[in-house]
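Its first residue numbered -6, the sequence shown is counted upward by one per residue in this note's numbering.
Just so you know, even glycine gets a beta-carbon here, dropped at the ideal spot from N, CA and C.
Values in this document were obtained by computation on a predicted structure and should not be read as measured data.
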Amino acid sequence: MPYLTRTDDIWELYLGAEGSELDPDNPENRFAGSWITEVRGLLETVADDATGALVITATGKFFSNGLEIAEVADPTKLEGYLDSVHDIYARVLTLPVATVSAVNGHAFGAGAMLALCADHRVMRTERGYWSLPEVALGMPFPLGMASLLHERLPESVRTEAMTTGRRYGGSESAQLAIVEEAVDVDELLTRARAVAAERTAFAGANLHAIKKGMRRALLADLAPQTS
C-alpha cells in the first residue's frame, strides 16, 4: 500500500509498499480501489497539515501503470470508479503545498496523468516511459482526463500522445514539456526534493485558493459525474 514520510519540510508520498521494491499486492501501482482509498487518506494528511511541500514518487519499475483492469470490467461501476480516480487528480491539483512528481519508472495511462497533476515534474532518463495507451486499448478519455491533458500538455504533444499511444522516455519528455526536467536516477529524488524545498514558504490557504482559481475549469470537469 502507498505510504507517506516526512523529513524536515518535505513530505514524500510513495505509490508502492514500504520496505518493498515492488508492492507484492499491486506491483504496478495501479489504481485499485483500496489503493485509491489509501492515497486519498494520505493526501488528506498533507492537506490538513498544510505546511512544507510534497514529492510524489515510487520505487521499482513503475511510477504507476494506470487503471486497474478489474475495476473497469464492470460497466455498472465504471462511472463511480472514474470519479474516484478524478478525485485523486483534483486533490493533488489543489493541495495547499507545492507538489513535485519524481517519475521513477513507467507512467502509463492514469498514472501518466497523475504525474501531470503535480506543479513540477522530474523524470529519470535511463529507464521508464510516459505514455497514454488508451487508443491502443480501445478506451476513450473521460471528460476529466481529457481536460487534464488539455491543460497540462502542449497541443501537438497532446494530439500525438492521445491518438498514437507513443512512449516517451525521460529526456524526450523534458524536451516536449511533458515534464520540466529529466535527470539520472541517482539524482531523481535529490532534484525533486530540492525543487520542493524552494517552494515550502508558499504553503497554506492562499496557495490552495490560487490553485483552485487557476484550475477552476479543469476542476469542474473532474467533478463527480455520479451522485
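Given Tyr161, which residues of its chain have a CB within under 8 Å of its CB, disregarding the five upstream and five downstream residues?
Taking the first residue of the sequence shown as position 1, residue 161 is located at position 168. Taken in chain order, the residues that qualify are Tyr122, Trp123, Ser124, Ala154, Leu169, Ile171.
If you draw a straight line from the alpha carbon of Val128 to that of Cys110, how long is it in whole angstroms?
Translated into positions along the sequence shown, residue 128 becomes position 135. Translated into positions along the sequence shown, residue 110 becomes position 117. Roughly 21 Å between the two C-alpha positions.
Inter-residue spacing [alpha-carbon to alpha-carbon] between Ala83 and Leu215:
Here the question's residue 83 lines up with position 90 in the sequence shown. Here the question's residue 215 lines up with position 222 in the sequence shown. The alpha-carbon atoms of Ala83 and Leu215 are separated by roughly 7 Å.
Which two residues bound the contiguous beta strand (DSSP E) that contains Val115?
Looking up residue 115 in the sequence shown gives position 122. Where Val115 is concerned, the enclosing beta strand (DSSP E) starts and stops at 113 to 117.
Using CA coordinates, which residue listed in Met(-6), Val39, Ala175, Pro135 is at the minimum distance from Trp28?
Along the sequence shown, read from residue 1 onward, the residue named residue 28 stands at position 35. Comparing Cα-Cα distances from Trp28 to each of Met(-6), Val39, Ala175, Pro135, the minimum goes to Met(-6).
Given that a residue counts as buried once 16 or more other Cβ atoms are within 10 Å of its Cβ, and exposed if not, what is Thr52?
Here residue 52 corresponds to residue number 59 of the sequence shown, with the count starting at 1. Only buried fits Thr52, as 16 or more other CB atoms lie within 10 angstroms of its CB.
Collapsed DSSP secondary structure at Tyr(-4) in the structure displayed:
Here residue -4 refers to the residue found at position 3 of the sequence shown. In the structure shown, Tyr(-4) sits in a strand (DSSP, three-state: E or B).
How should Gly104 be labelled, buried or exposed, when 16 other C-beta atoms within 10 angstroms of its C-beta is the threshold for buried?
Here residue 104 refers to the residue found at position 111 of the sequence shown. Label assigned to Gly104: buried.
8 Å Cβ cutoff met for Val115 and Glu173:
If you number the sequence shown from 1, residue 115 lands on position 122. If you number the sequence shown from 1, residue 173 lands on position 180. Going by C-beta atoms, Val115 is nearer than 8 Å to Glu173.
Which same chain residues, not among the five before or five after Leu181, have their C-beta less than 7 Å away from its C-beta?
What you label residue 181 is simply residue 188 of the sequence shown in a count that begins at 1. Contacts found: Ala95, Asn97, Val115, Arg117.
Asp177 classed as buried or exposed, judged by whether at least 16 other C-beta atoms fall within 10 angstroms
Position 184 of the sequence shown, counting from 1, holds the residue named residue 177. In the assembly as shown, Asp177 is an exposed residue. Its beta-carbon has fewer than 16 other beta-carbons within 10 Å.
Which value, in whole angstroms, describes the spacing of the CA atoms of His113 and Val32?
Along the sequence shown, read from residue 1 onward, the residue named residue 113 stands at position 120. Along the sequence shown, read from residue 1 onward, the residue named residue 32 stands at position 39. Answer to the nearest angstrom: the Cα atoms are 19 Å apart.
If you drop the 5 nearest sequence neighbours on each side, which residues of the same chain put their C-beta closer than 6 Å to that of Ser140?
Here residue 140 is taken as the residue at index 147 of the sequence shown, counted from 1. Within the same chain, Cβ atoms closer than 6 Å to the Cβ of Ser140 are found at Leu211, Asp214, the five residues on either side in sequence being excluded.
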